[in-house]
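A.B. asks: Residue 516 is where the sequence shown ends in the working numbering, and the numbering goes up by one at each step. Glycine is no exception: its CB is placed at the ideal position from the N, C-alpha and C atoms. It should be emphasised that the depicted structure is a prediction, and the values quoted were computed from it without experimental measurement.
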Amino acid sequence: MYRIMTADEAISLIRDGDCICVNSFVGIENPVELHEALERRYQQTHSPKHLTIVSSAGFGVWDENRNAEGYIRAGAVDRLICGHFGAMPSTKKIILENRFEAYNLPLGCISHAIRAQAGGIPGALSKVGLDIFVDPRREGPGINQISTDSSLVKIAVVDGEEFLYYKLPRITVALIKGTAADRRGNISFDDMYMSGDALSICQAAKSNNGIVIVQVDRIVDMPARPRNAIIPGCLVDAIVVQEPEARDEALTALTGSFEIRYEEWDEWTGRLEALTSGQKPRSLASHIIGERASRELRKEDIVNIGIGIPEMVSQYARRSGMLDHITLTVESGGIGGFPASGPVFGAMIGAASVYDMANQFDLYNSGGLDICFMGALEVDRYGNVNAHRGPGAYAGIGGFANITAQTSTVVFCLTFNTKGLAVSRDEDGTITIDHNGSVPKFVDELQSVSFSARKAIANGQKVLYVTERCVFILTARGLKLLEVYPGVDVERDILSLLPFPVETGAGLTV
């Protein structure tokens, strides 16, 4: 039977050595009050310690002084297993200092492993991750030098087919953020951007004789409608009521509490960007890439668009009218709306449906997407891509590996080089490379592999690499120069700058 507690009382239920699973998505839907109560307890008592924390998509709020950052820095955590670390600024830095073990697994594979554990199965099989960094024959999932646990990802052969087997530690504590608890303890998510892995996490914790702690905005008298009760009260041990901070209407719109028609997406996107992003205007190179990449869209496509330069694809799809004829998706579970970005990445404007995250990755892993647009840090001569690890920096793979593993058409959106790149374009569309950047994107050797060209060829996927000056296509022999934009000199602006030869030949569009 659940009890209503303060955050400090609820956190006192956590023991040394527990494995905590957090339901959140990058920077949204974090149970902040529970994390900060855990820090208070640790600062006062140095307990709970030796914790393991698991999160499919990471758990941060883009602030190194809030949420879990303090108690992680202080030493309460021995091991982190996450899909993404981007919203955790201090944590992702000290991981590289070997302060504790840290492992990066594809977001969808963690989600499915949690669901498997909820059903009493130790782990989950997946073809996602084969031949990229997480594959134990390559690097394995450990991020730093002390992260050597070989039990998290193993090779498995079933009926002659090769898979990766993802196995998580036994989850003993669930930390969840919900909207409301009714008098039966049922938890609804009406004012949330997503429900993520919430139900699976709770089921996994209970199957391991663990505890479930839920932070909610309010207690309500009227029982939730059965389909709206995401977590049944019988799974809940502690409910913590924390009145939410006031929200701007633009953020409330992301909960789906009122209808936003397609014609209004522009307006609400602008309001969100003004409220949350603070981003510099996109460069001309990004616009060129986004416009060219958007031409790969076809009517009725089911689509995923990554963050960064790929976000420009949606802008040009809107201008061309194609946005009205495709279905956008986001990893957290949203379908049929317009993905938000910045601190609220994972939410959607005008979503038609938001279901559990594991179900979204069922769609992605099975090839349910028609096309995706992803960013890239580096590309090698064979067409392999590094999108998750830069020099001295680590954000994590997130959903990238799941999204690109089986999607029919994969479009990487990246500048040819960076750090000082300057491009201009005349009214007639002629492009001039005024200054090349000092950091190349096309390299002899990747720092890490996020996307396997060899697997893509075997799967029959179409793979394009769209830059501000040209387009490459993946072939069985590696990269082939497919298209050169007007005004770009093939030798001077492309071939002479590549550290490896590429095929040109017939079919080149100039």
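Just to confirm the assignment, what range does the alpha helix (DSSP H) spanning S157 have?
C.D. replies: That residue, S157, is in no alpha helix (DSSP H); it is neither H nor E in DSSP.
A.B. asks: Are the segment 414–421 and the segment 394–403 touching, with three or more C-beta to C-beta distances below 8 Å?
C.D. replies: No, they do not touch.
A.B. asks: Alpha carbon to alpha carbon, how far is I479 from S458?
C.D. replies: Roughly 14 Å between the two C-alpha positions.
A.B. asks: Excluding the 5 residues flanking H293 on each side, which residues of the same chain have their C-beta closer than 7 Å to its C-beta?
C.D. replies: The answer, listed in chain order, is M318.
A.B. asks: Within its chain, find whatever has a CB closer than 7 Å to the CB of G92; leave out the 5 residues flanking it on each side and keep chain order.
C.D. replies: Cβ neighbours of G92 beyond the five flanking positions: V32, G64, A401, G402.
A.B. asks: Determine which residues share a DSSP beta bridge with R9 and list them.
C.D. replies: Answer is A244.
A.B. asks: Who does I225 pair with in a DSSP beta bridge?
C.D. replies: Note: I225 sits in a beta bridge opposite A187.
A.B. asks: Since A119 contacts K173 with CB under 8 Å, what's their CB separation in whole angstroms?
C.D. replies: About 7 Å separates the two Cβ atoms, so the contact holds.
A.B. asks: Assuming A13 contacts L57 (C-beta within less than 8 Å), just tell me the rounded distance between them.
C.D. replies: Not a contact, Cβ separation roughly 17 Å.
A.B. asks: Can you tell me whether F506 is buried or exposed? The criterion is at least 16 other CB atoms within 10 Å of its CB, across all chains shown.
C.D. replies: F506 should be labelled exposed.
A.B. asks: Please report the Cβ distance between A211 and I177, rounded to the nearest whole angstrom; I am assuming they are in contact, meaning their Cβ atoms lie under 8 Å.
C.D. replies: Going by Cβ atoms, the distance from A211 to I177 rounds to 5 Å, so yes, they are a contact pair.
A.B. asks: Would you mind reading off the limits of the beta strand (DSSP E) that contains E167?
C.D. replies: Segment 167–173, the beta strand (DSSP E) holding E167.
A.B. asks: Could you check the C-alpha separation between L487 and T510 for me, to the nearest Å?
C.D. replies: Looking at the two C-alpha atoms, the distance is approximately 5 Å.
A.B. asks: Specify, as a first and last residue, the run of the alpha helix (DSSP H) that N310 falls within.
C.D. replies: First-last for N310: 308–311, but that is the beta strand (DSSP E), not the alpha helix (DSSP H).
A.B. asks: Check whether the segment 200–214 touches the segment 230–239, counting contact only when three or more Cβ pairs, one atom from each stretch, lie closer than 8 Å.
C.D. replies: With a cut-off of 8 Å, the segment 230–239 and the segment 200–214 count as touching, because enough Cβ pairs lie within range.
A.B. asks: Look up K486 in the DSSP assignment and say whether it is helix, strand or coil.
C.D. replies: Residue state, collapsed to three classes: strand.
A.B. asks: Would you grab the beta carbon distance between T436 and E474 for me? Rounded to a whole angstrom, and I think it's under 8 Å.
C.D. replies: So it is not a contact: roughly 13 Å between Cβ atoms.
A.B. asks: At which residues does the alpha helix (DSSP H) containing F406 begin and terminate?
C.D. replies: Looking at the DSSP string, the run of the alpha helix (DSSP H) that includes F406 is 406–412.
A.B. asks: If you reduce the DSSP assignment to three classes, tell me which class T436 lands in.
C.D. replies: Correct three-state label for T436: coil.
A.B. asks: Classify M198 as helix, strand or coil using the three-state DSSP reduction.
C.D. replies: Correct three-state label for M198: coil.
A.B. asks: Identify every run of the beta strand (DSSP E) within the segment 359–383, keeping only runs that are complete inside it and at least 3 residues long; order them along the chain.
C.D. replies: Counting only runs of 3 or more, we get 377–381.
A.B. asks: If you run the structure through DSSP and keep just helix, strand and coil, what is D84?
C.D. replies: Looking at D84 - three-state DSSP - the assignment turns out to be strand.
A.B. asks: Which residues bound the beta strand (DSSP E) around K212?
C.D. replies: Looking at the DSSP string, K212 is not in any beta strand (DSSP E); the run it does join, the alpha helix (DSSP H), is 204–213.
A.B. asks: Please list the segments of the beta strand (DSSP E) lying wholly inside the segment 445–494, counting only runs of 3 or more residues, in order along the chain.
C.D. replies: Qualifying beta strand (DSSP E) stretches, in chain order: 468–472, 476–481, 484–490.
A.B. asks: Can you confirm whether the segment 353–372 touches the segment 211–228 when touching is taken to mean that 3 or more C-beta pairs between the two stretches lie within less than 8 Å?
C.D. replies: Touching, no, given that fewer than three Cβ pairs across the two stretches are closer than 8 Å.
A.B. asks: What did DSSP end up calling F258 once you bin it into helix, strand or coil?
C.D. replies: Residue identity check: residue 258 is Thr in the sequence provided, not Phe. Note: T258 maps to helix in three-state DSSP.
A.B. asks: Measuring CB to CB, does E45 end up less than 9 Å from A82?
C.D. replies: Yes, the pair counts as a contact, with Cβ atoms nearer than the cut-off.
A.B. asks: In angstroms, rounded to a whole number, what distance separates the CA positions of L136 and D434?
C.D. replies: Roughly 45 Å separates the two Cα atoms.
A.B. asks: How many angstroms separate the CA atom of G316 from the CA atom of S194?
C.D. replies: The amino acid at residue 316 is misidentified as Gly; the sequence shows Pro. Each residue's alpha carbon lies about 33 Å from the other.
A.B. asks: Can you tell which of A187, P492, V179, H331 has the C-alpha that lies nearest to the C-alpha of D432?
C.D. replies: The candidate whose alpha carbon is nearest that of D432 is P492.
A.B. asks: Using only alpha-carbon positions, find the residue among S430, V140, T51, C25 that is nearest to V455.
C.D. replies: For V455, the nearest C-alpha among the options comes from V140.
A.B. asks: What do you get for A80, buried or exposed, if any count of 16 or more other CB atoms within 10 angstroms of its CB means buried?
C.D. replies: It is exposed - the Cβ of A80 has fewer than 16 other Cβ atoms within 10 Å.
A.B. asks: Below 8 Å, how does it come out for the segment 181–199 and the segment 149–168: are there three or more Cβ pairs, yes or no?
C.D. replies: Short answer: they don't touch.
A.B. asks: Of the choices V350, N110, V360, G262, whose alpha-carbon is the least far from that of N36?
C.D. replies: Ranking the options by Cα distance to N36, first place goes to V350.
A.B. asks: Mind checking G66: buried by the 16 CB within 10 Å criterion, or exposed?
C.D. replies: Label assigned to G66: buried.
A.B. asks: Is it true that the CB of A74 sits closer than 9 Å to the CB of Y199?
C.D. replies: Their beta carbons are not under 9 Å apart, which means Y199 does not touch A74 by this criterion.
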